[in-house]
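According to our numbering, the sequence shown holds residues 39 to 229 in order. Here is the structure we will look at.
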Amino acid sequence: MRKTRLAVFASGSGSNYEAIVSACCDGRIDAEVVLLVCDKPGAKVLERAKRYGTESFAFNPKDYASREAYETMLATMLDERRVDYICLAGYMRIVGKVLLSRYEQRIVNIHPSLLPAFKGAHAIQDAVDYGVKIFGVTTHFVDETLDGGRIIDQGAIVYEGNDIDELTNLIHNIEHNLYVKTINKLINKKY
Ligand code: GAR
39 MRKTRLAVFA SGSGSNYEAI VSACCDGRID AEVVLLVCDK PGAKVLERAK RYGTESFAFN
99 PKDYASREAY ETMLATMLDE RRVDYICLAG YMRIVGKVLL SRYEQRIVNI HPSLLPAFKG
159 AHAIQDAVDY GVKIFGVTTH FVDETLDGGR IIDQGAIVYE GNDIDELTNL IHNIEHNLYV
219 KTINKLINKK Y
């Protein structure tokens, strides 16, 4: 039977990419990562992709006239590879109409807060600054707004310490398990 084909979009370190690809490799996810797309040439995620033998494509959005222009180029690559789902894993960019219309209900994101609280690029620090005690992670379908779209899964943790690195590690661990759970829901259409 044909395996589900995933594309992962990332901008940074890629620990969530690695969580997804390793779960595909050891059978916890019945799918394969066929493409890693990165909008930051030089990002660490590209080294990880090389290690796992995932085809990667890095581009600089500034080299394109518009979001529509680079998303049209990406859509062609995704079509050629018959991608079923796009998993955003620290992809720090709004997804536009070109990809959203082609991949309706087939683009998901992970975010390190209990959405709809603390959207944006500094969710963990923002939650700490606010005095939060229950931290969390959310996976959700993607719409055209920042960290917006219907929630699929959430995980939470009580943390009352004051070590942001420790907290960040705890949250990343939750993310890595939660994304595997969410992708399995997508594949089995149980959401
Ligand atoms: C993750 O914590 C992810 O939830 C977050 O970026 C980090 C990427 O880490 N995404 C967002 O904040 C989206 N708004 P990684 O590169 O190690 O996977």
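Glycine included, C-beta positions come from ideal geometry on N, C-alpha and C.
Write down every uninterrupted run of the alpha helix (DSSP H) in the stretch 61-93 whose length is 4 residues or greater and which is fully enclosed by it, in chain order. As for any alpha helix (DSSP H) of minimum length 4 sitting wholly inside the stretch 61-93, the runs are 82-90, ordered along the chain.
So LYS259 and ASP77 are supposed to be a Cβ contact under 8 Å. How far apart are they, rounded? A query on residue 259 cannot be resolved here, the shown segment of the chain reaching from 39 to 229 and no further.
Going straight from the alpha carbon of TYR90 to that of SER60, what length do you get? The sequence position of residue 90 within the sequence shown is 52, counting from 1. The sequence position of residue 60 within the sequence shown is 22, counting from 1. If I take the Cα positions, the gap works out to 8 Å.
May I ask you to report which of helix, strand or coil DSSP gives ARG140? Counting from one through the sequence shown, the residue named residue 140 turns up at place 102. DSSP places ARG140 in helix when its eight states are reduced to three.
Cβ separation of VAL170 and THR220, assumed to be a contact under 8 Å, to the nearest whole Å: Locating residue 170 in the sequence shown gives position 132, counting from the first residue. Locating residue 220 in the sequence shown gives position 182, counting from the first residue. At roughly 23 Å, the Cβ-Cβ gap does not stay under 8 Å, so VAL170 and THR220 are not in contact.
Looking only at DSSP bridge pairs, what is GLY174 linked to? Taking the sequence shown and counting its residues from 1, the one referred to as residue 174 is at position 136. Residue pairing by DSSP places GLY174 opposite ALA194 in a beta bridge.
Who does ALA96 pair with in a DSSP beta bridge? If you number the sequence shown from 1, residue 96 lands on position 58. Note: ALA96 sits in a beta bridge opposite CYS76.
Can you tell me whether ASN226 is buried or exposed? The criterion is at least 16 other CB atoms within 10 Å of its CB, across all chains shown. One-based indexing of the sequence shown puts residue 226 at position 188. Residue environment for ASN226: exposed (fewer than 16 other C-beta atoms within 10 angstroms of its C-beta).
The alpha helix (DSSP H) with HIS210 in it runs from where to where? In the sequence shown, residue 210 corresponds to position 172, counting from 1. Looking at the DSSP string, the run of the alpha helix (DSSP H) that includes HIS210 is 202-225.
Could you have a look at TYR123 and say whether DSSP puts it in helix, strand or coil? Taking the sequence shown and counting its residues from 1, one reaches residue 123 at position 85. Of the three classes helix, strand and coil, the one that applies to TYR123 here is strand, per DSSP.
Span of the alpha helix (DSSP H) around GLU166: Here residue 166 refers to the residue found at position 128 of the sequence shown. Reading off the sequence, residue 166 comes out as Val, not Glu. 161-168 is the extent of the alpha helix (DSSP H) around VAL166.
Residues bridged to ASN54 [DSSP beta-bridge criterion]: On the sequence shown, residue 54 is found 16 positions in, with the first residue counted as 1. Paired residue(s): none; ASN54 is not in a bridge.
Determine the DSSP secondary structure at LEU112, reduced to helix, strand or coil. Taking the first residue of the sequence shown as position 1, residue 112 is located at position 74. In this structure, DSSP gives LEU112 a helical state, which the three-state scheme calls helix.
Could you pull out every residue in the same chain whose Cβ sits closer than 8 Å to the Cβ of GLN143, ignoring the five residues on either side in sequence? For this step, residue 143 is matched to residue 105 along the sequence shown. Cβ-Cβ distances below 8 Å link GLN143 to PHE179 in the same chain, with the five nearest sequence neighbours on each side left out; the list follows chain order.
Does the ligand GAR have even one heavy atom less than 8 Å from the beta-carbon of ALA127? Along the sequence shown, read from residue 1 onward, the residue named residue 127 stands at position 89. Within the cutoff, so yes.
Can we count VAL83 as close to the ligand GAR, meaning its CB is less than 8 Å from some heavy atom? For the purposes of this step, residue 83 is taken as residue 45 along the sequence shown, with counting starting at 1. The answer is yes for VAL83.
Return yes when the C-beta of HIS149 is under 8 Å from any heavy atom of the ligand GAR, and no when it is not. Translated into positions along the sequence shown, residue 149 becomes position 111. Yes, the Cβ of HIS149 comes within 8 Å of a heavy atom of the ligand GAR.
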